Amino acid sequence: SKSERLLRCKLASLYRLVDLFGWSQGIYNHITVRVNQELEHFLINPFGLMYHEVTGSSLVKVDIAGNIIDPGSTTYGINRAGYTLHSAVHKARPDLKCVIHLHTPAVAAVSAMKCGLLPLSQDALFCGKISYHDYRGILIEDDVKKLLVEDLGPINKVMILRNHGFVACGETIEEAWK
5 SKSERLLRCK LASLYRLVDL FGWSQGIYNH ITVRVNQELE HFLINPFGLM
55 YHEVTGSSLV KVDIAGNIID PGSTTYGINR AGYTLHSAVH KARPDLKCVI
105 HLHTPAVAAV SAMKCGLLPL SQDALFCGKI SYHDYRGILI EDDVKKLLVE
155 DLGPINKVMI LRNHGFVACG ETIEEAWK
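Using this note's numbering, you'd call the opening residue of the sequence shown number 5 and step up by one each time.
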């Protein structure tokens, strides 16, 4: 559909922006966008492509159960841990269309601080209310997914994963990016 093509282009552009800013950190980060609210489909990067290689046509469409609906233009699969984190957020928070998960060195440093993100700069103040989640390793088990979405809460859009990275969400791709 035309709306899915637009989302594919916007999401691929976001992958490129993240790479341009030097935040991509290899292939273990991921960004998703919900394509269809009723069918609970979302787009995710193929596991193995660098961020600067992601195109709209290479994005993989998956459903909330982890089934690949459209493999995109590559033969790569998806990062199961990435899928698990994103599917948990998309399932629990239908208001959020885009989910960004990164672990840049700066965010990893803040996530390791007991005090978390302090309001020491204007940038820190623009985040709004921030949730925290005690990251316990690769997210696969259902009980860990439940804790993750409980920690994010019903209204927060930013969550720091302690000793790991962050999740930033938005009702649109643009909101998640800002």
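We put the CB at the ideal spot given by N, CA and C, even for glycine. Quick caveat, the model's predicted, so the values are computed rather than measured.
If you draw a straight line from the alpha carbon of Gly81 to that of Asp67, how long is it in whole angstroms?
Working through the sequence shown from its first residue, we reach residue 81 at position 77. Working through the sequence shown from its first residue, we reach residue 67 at position 63. Whole-angstrom Cα-Cα distance: 14 Å.
Straight-line Cα distance separating Gly70 from His94:
Here the question's residue 94 lines up with position 90 in the sequence shown. Here the question's residue 70 lines up with position 66 in the sequence shown. Taking the straight line joining both Cα atoms gives about 12 Å.
Is the CB-CB distance between Val58 and Ala16 below 8 Å?
Start at 1 with the first residue of the sequence shown, and residue 58 comes out as number 54. Start at 1 with the first residue of the sequence shown, and residue 16 comes out as number 12. Yes, the Cβ-Cβ distance between Val58 and Ala16 is below 8 Å.
Alpha-carbon spacing of Ile164 relative to Tyr32, whole angstroms
Start at 1 with the first residue of the sequence shown, and residue 164 comes out as number 160. Start at 1 with the first residue of the sequence shown, and residue 32 comes out as number 28. In a straight line, the C-alpha of Ile164 is about 17 Å away from that of Tyr32.
Kindly indicate which three-state DSSP category Ile35 falls into: helix, strand or coil?
For the purposes of this step, residue 35 is taken as the residue at position 31 of the sequence shown. Three-state result, Ile35: strand.
For Lys14, the three-state DSSP class (helix, strand or coil)
Locating residue 14 in the sequence shown gives position 10, where the first residue counts as 1. The answer is helix: DSSP assigns Lys14 an H, G or I state.
Could you name each continuous beta strand (DSSP E) segment of 3 residues or more that falls completely within the stretch 71-154, going from the start of the chain to the end?
72-74, 102-106 and 134-138
The stretch 172-181 touching the stretch 110-128, judged by at least three CB pairs closer than 8 Å
no
For Tyr139 and Leu18, what's the separation of their Cα atoms in angstroms?
In the sequence shown, residue 139 corresponds to position 135, counting from 1. In the sequence shown, residue 18 corresponds to position 14, counting from 1. Straight-line Cα distance between these residues: approximately 25 Å.
Is there contact here, the stretch 88-103 with the stretch 72-79, by at least three beta-carbon pairs under 8 Å?
Contact between the stretch 88-103 and the stretch 72-79 is absent, with fewer than three C-beta pairs closer than 8 Å.
Please name the residue in Pro158, Pro109, Arg38 and Leu124 whose C-alpha comes closest to that of Arg166.
Working through the sequence shown from its first residue, we reach residue 166 at position 162. Closest by alpha carbon: Pro109.
Identify the residues that DSSP records as bridge partners of His45: which are they?
For the purposes of this step, residue 45 is identified with residue 41 of the sequence shown, where counting begins at 1. Bridge partners of His45: Asn40 and Asp67.
Among Ala85, Lys101, Val39 and His56, the one whose alpha carbon lies nearest that of Ile73
The residue labelled residue 73 in the question sits at position 69 within the sequence shown. The shortest Cα separation from Ile73 among Ala85, Lys101, Val39 and His56 belongs to Val39.
CB-CB length for Leu43 against Arg12, believed under 8 Å:
If you number the sequence shown from 1, residue 43 lands on position 39. If you number the sequence shown from 1, residue 12 lands on position 8. Wrong, their Cβ atoms sit about 16 Å apart, outside the cutoff.
Lys65 classed as buried or exposed, judged by whether at least 16 other C-beta atoms fall within 10 angstroms
Along the sequence shown, read from residue 1 onward, the residue named residue 65 stands at position 61. So Lys65 ends up on the buried side.
Which whole-angstrom value is the C-beta distance of Gly132 and Val153, which I expect to be below 8 Å?
Locating residue 132 in the sequence shown gives position 128, counting from the first residue. Locating residue 153 in the sequence shown gives position 149, counting from the first residue. Not really, about 18 Å apart at Cβ, beyond 8 Å.
Other residues of its chain near Asp23: CB distance less than 6 Å, five sequence neighbours each side excluded:
Along the sequence shown, read from residue 1 onward, the residue named residue 23 stands at position 19. Same-chain partners within the cutoff: Tyr55 and His56.
Bounding residues of the beta strand (DSSP E) (the contiguous stretch that carries Ile164):
Counted from its first residue, the sequence shown places residue 164 at position 160. Run containing Ile164: Val162 to Arg166, per the beta strand (DSSP E) assignment.
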